[in-house]
Structure formats: C-alpha cells, structure tokens
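Okay, structure first, notes after.
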Amino acid sequence: MQPERLVYLDHAATTPTDPRVVEAMLPYFSDVYGNPSSVHSFGRKADKAVQAARRTIADILNCSPREIVFTGCGSESDNLALRGAIQTALGRGTVRPHLITSPVEHHAVSHTAHLLADTLPCDLTMLEVDSYGRVLPDTLRAAMRDTTALVSVMVGNNEVGTIQPVAELAAIAHERGALFHTDAVQAAGQLRIDVKAIGADLLALTAHKFYGPKGVGLLYMREGVELVPSQSGGGQERDRRAGTHNVPLIVGMAKALELAYTDFDARVTEYRRLRDMIINGVLTLVAGSHLTGHPTDRLSNHASFIIENIDANALLMHLDMHGIAASSGSACNTGNPEPSDVLSAMGYSRELALGSLRLTVGKQTTDADIHHLLEVLPASVDKLHAVKLTQTLA
Numbered sequence: 000m001q002p003e004r005l006v007y008l009d010h011a012a013t014t015p016t017d018p019r020v021v022e023a024m025l026p027y028f029s030d031v032y033g034n035p036s037s038v039h040s041f042g043r044k045a046d047k048a049v050q051a052a053r054r055t056i057a058d059i060l061n062c063s064p065r066e067i068v069f070t071g072c073g074s075e076s077d078n079l080a081l082r083g084a085i086q087t088a089l090g091r092g093t094v095r096p097h098l099i100t101s102p103v104e105h106h107a108v109s110h111t112a113h114l115l116a117d118t119l120p121c122d123l124t125m126l127e128v129d130s131y132g133r134v135l136p137d138t139l140r141a142a143m144r145d146t147t148a149l150v151s152v153m154v155g156n157n158e159v160g161t162i163q164p165v166a167e168l169a170a171i172a173h174e175r176g177a178l179f180h181t182d183a184v185q186a187a188g189q190l191r192i193d194v195k196a197i198g199a200d201l202l203a204l205t206a207h208k209f210y211g212p213k214g215v216g217l218l219y220m221r222e223g224v225e226l227v228p229s230q231s232g233g234g235q236e237r238d239r240r241a242g243t244h245n246v247p248l249i250v251g252m253a254k255a256l257e258l259a260y261t262d263f264d265a266r267v268t269e270y271r272r273l274r275d276m277i278i279n280g281v282l283t284l285v286a287g288s289h290l291t292g293h294p295t296d297r298l299s300n301h302a303s304f305i306i307e308n309i310d311a312n313a314l315l316m317h318l319d320m321h322g323i324a325a326s327s328g329s330a331c332n333t334g335n336p337e338p339s340d341v342l343s344a345m346g347y348s349r350e351l352a353l354g355s356l357r358l359t360v361g362k363q364t365t366d367a368d369i370h371h372l373l374e375v376l377p378a379s380v381d382k383l384h385a386v387k388l389t390q391t392l393a
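Following numbering that gives the first Met the number 0, the numbering of the sequence shown begins with 0 at its first residue and continues without gaps.
The following block contains the structure:
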C-alpha cells in the first residue's frame, strides 16, 4: 500500500535532476548530435557546447578551463587521480611511492588505495581520525615521507557530514613535495569550492549530487600535474581521459553547477535550518540517539546519528513503509550486516555502528516533511526496541 506522504531525505545519495538542467540538455540528444571530435560543422557545434560547459565550470571552481577533465562519475575521477598519481611516480623512478589517505573516505578512494597497495610496489598509510571523523593536521604531518607522492582527504564526509581542514592538509602535503587530491563530491552546492583557496592539485566532482544528471563527473587537474590516464583511446581531454564526450550530460553538469551557486547563501541557510530541525528533534524525541560527526563543522544539509539497540536496516524498512527515504552507514549484503568503516574509524563499537542513520535534506524538503519524520521515527524506534526486548526475553 502506497504511503500517504512521500518524504525524500537521502540527498547525499543522489538528487533529482533540476527541470532547468533537463531543458538545457534536451537539444544535445537530438538536435546537436555531432561527435565533438569531428571536424565538420555538426562536430564543431557539439564541441562548442562542451567548451562552453568547461568555461562555466572553471569560472565557478576558480581555475582554467584547460584544468577540467570530464569523466563518467565521481568514482572515475577519484580513480584517475589516485591511480594516475601513483603510476606516474613509479614511471619517474620513485621506489615504492607512498600514498596517504584516511579510513573515512568514500570507497572510490579507500578501496582504490588498498588495491594499489596490494597490486603495485606502493606504500599506503591510513591516517587515524578523531571522534568526529577529522584528519588532524599534525597527524598528517607525522605521516609524511620523502617518498609521499599523493595525499587524498575528502572535503566533506558522505556518512557523517564532517568537513575536513583540507586547506591546511594541502599545505602540509606541498611542504614535502606531494600532490593533494580531494573528493569534493558531497561538498558541491553545500560549500563554495575554490581550488586555489583549498590548494588542491586534484579535485573530484559528480553532477548528480547537485541536481544534475547521473553518469557524468569531472576531475580538476592543476596545470603542470601529470597523471597516467586510466583509459586510453581517441585522445580526448588532452589525452587525459579517452572516450567520446557525453555532450548532453556535460552541458547538464555545467548548468547544474551554475544553478547550485545561484542564490547559494539563501539556499544553504535554509538547508541548515532544516538540518538543525532534524538534529534537535531526533536528539529530543528518539531514545538512545546520538549525533555523529562534527556538531558545527558539518555539511549544511547533513544530519547523522547512531541509535542504541537498533538494527539500522530494519529501521530503514520501517521508515520506507511510512514513505520516508533515508540511509545508513552499515551495509547488508547476503544477510550479514557489517558496520560502517567510517564509524568504526571514529571509535564506535560494532553494535553502535550498526545503528546508524543518515538524513539529508534538499531543495524540495519542507517543514511538513520534517514534522512527518519526527512523528514516524520515534514510534518506529520504540517498536523496534519492543521487538528486541521481546526476543531477548523469549
């Protein structure tokens, strides 16, 4: 039976494509359909759209259009950065180049880092984080080596919302001659992204996190940085990422990023207001709830919790039955739930980490949506507690 009210509170997972973005993309599916690499008028018209999108994005990120590499998604951008940097260091003769990252990164970074360490002559350091999930500058400074080729730390965490001190971390990396990469996928549209202010050499984004289409992303690659490409072929993107340009989606990403920074301050202020309504309501009304991540230095739309004695996957099913879409840091594949790597790194026990809940607001979120959540969530938690007590006594 369809719930009377549908409430989407999983904007950190993906966002609905803005109708204005769809409108901007439509001509490039059927009217302007040339291959941008072709020299004829059809190709030139498509290439003009790609280059216009590149300039729009570069202006927003405060970089040169030549420094934007279009990819298929944020994960590809992260892979290109990590694989390319380590393979380039090996090609230059560095014996066992050193890669530094943290255990709270998106799996596009952490899994790639472990794979590189397992398959290449490469050393890997996973930095400790504090109880909020932050990498502290002194921790990075102590881990740096003369062979450190790349440091990768995200801007804002996808599970707990904590914002990292990336500008300080980048400066420490540069003191020892290392490159600094940051996954800014969750931060776009939530924070202003200025690659020069951050000090990033490499920075990853994907469109579907800021009301753009799925299947397109980018890697900012500072001029002068060299990366071994992750795929070769026709020489697109100045030989940095081969493959025919997906013109409609590139146009859509540029439009979405432009819209994300239109009326930015007002939108982020509203996100914070709704986010704080959730945080205050959950901590007041839900028994055994605790905020995870930094209490203030967190993404503007992001509220995350652990709830004692709760199976997060069961809770998500209860919420879904009431029309509320939410997320959890724990994964349940084959019926064997595993705690979040992020929460484990932050010091939470396995039992607590299995009770995680992430609620992320967006442009269409209303006060009525939050009120509905705060009616349904406490009752769902109480019901699950009662079931668990019954099972314990049986």
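C-beta: ideal position from N, C-alpha, C; glycine also.
Remember, predicted model here, so these are calculated numbers, not experimental data.
Assigned secondary structure, residue i (DSSP; H/G/I helix, E/B strand, else coil)
| i | result |
| --- | --- |
| HIS207 | helix |
| ALA196 | helix |
| GLY90 | helix |
| ILE460 | Shown here, the chain extends from 0 to 393; a query on residue 460 therefore has no answer. |
| VAL38 | coil |
| TYR131 | coil |
| ASP9 | strand |
| LEU123 | strand |
| LYS44 | helix |
| GLU104 | coil |
| ASP296 | coil |
| PRO18 | helix |
| GLN1 | coil |
| ASN78 | helix |
| GLY83 | helix |
| ASN61 | coil |
| GLY73 | helix |
Whole-angstrom distance between residue j and residue i, CA atom to CA atom
| i | j | result |
| --- | --- | --- |
| THR87 | LEU248 | 30 Å |
| ALA177 | SER299 | 31 Å |
| ALA57 | LEU123 | 32 Å |
| VAL21 | GLY198 | 33 Å |
| HIS105 | PHE179 | 16 Å |
| LEU226 | ILE99 | 17 Å |
| HIS439 | PRO228 | This structure leaves residue 439 out entirely; the chain is present only between 0 and 393. |
| VAL31 | PRO377 | 52 Å |
| GLU75 | ALA107 | 8 Å |
| SER63 | ASP77 | 20 Å |
| GLY216 | ALA169 | 22 Å |
| VAL154 | GLY233 | 33 Å |
| LYS387 | ASN308 | 8 Å |
| ASP319 | ARG4 | 11 Å |
| LEU394 | MET24 | Beyond the ends of the chain as shown, which are 0 and 393, falls residue 394; an answer cannot be given. |
Bridge partner(s) assigned by DSSP for residue i
| i | result |
| --- | --- |
| PHE28 | Partner(s): none; PHE28 has no beta bridge. |
| SER288 | ILE306 |
| ILE67 | TYR219 |
| LEU98 | LEU123 and LEU149 |
| HIS301 | THR359 |
| LEU202 | THR181 and TYR219 |
| ILE323 | VAL6 |
Own chain partners of residue i with C-beta closer than 8 Å, once the 5 adjacent residues on each side are dropped
| i | result |
| --- | --- |
| THR333 | Interpretation of THR333 is limited by its pLDDT of 37, a score under 50 that renders its predicted location unreliable; no figure is taken from the coordinates. |
| LEU119 | ILE85, GLN86 and LEU89 |
| ASP193 | LEU60 and ASN61 |
| GLN390 | none |
| GLU167 | PRO136 |
Other residues of its chain near residue i: CB distance less than 6 Å, five sequence neighbours each side excluded
| i | result |
| --- | --- |
| CYS331 | Low per-residue confidence applies at CYS331: pLDDT is 45, beneath 50, and the placement is therefore not dependable enough to give any value. |
| VAL224 | ASP200 |
| ASP143 | Note on residue identity: the sequence assigns Met, not Asp, to residue 143. Only ARG175 meet the Cβ criterion. |
Close beta carbons around residue i, own chain, < 7 Å, minus the five adjacent residues each side
| i | result |
| --- | --- |
| ALA253 | ALA52, THR55 and ILE56 |
| LEU282 | SER288 and LEU290 |
| PRO35 | GLY42, ALA45, ASP46, VAL49, HIS244 and VAL246 |
CB contact check: residue i to chain C, cutoff 8 Å
| i | result |
| --- | --- |
| GLU75 | Here there is only one protein chain, and chain C is not present. |
Item to check | Residue ranges of each alpha helix (DSSP H) within the stretch 325-391, 4 or longer | outcome: The alpha helix (DSSP H) runs of length 4 or more contained entirely in the stretch 325-391 are, from start to end of the chain, 340-344 and 349-352.
Item to check | In chain order, each beta strand (DSSP E) run of at least 3 residues that lies wholly inside the stretch 134-200 | outcome: 147-151 and 178-182
Checklist entry - Where in the stretch 216-265 do unbroken runs of the alpha helix (DSSP H), each at least 4 residues long, occur, reported from the N-terminal end onward? => result 235-238 and 246-259
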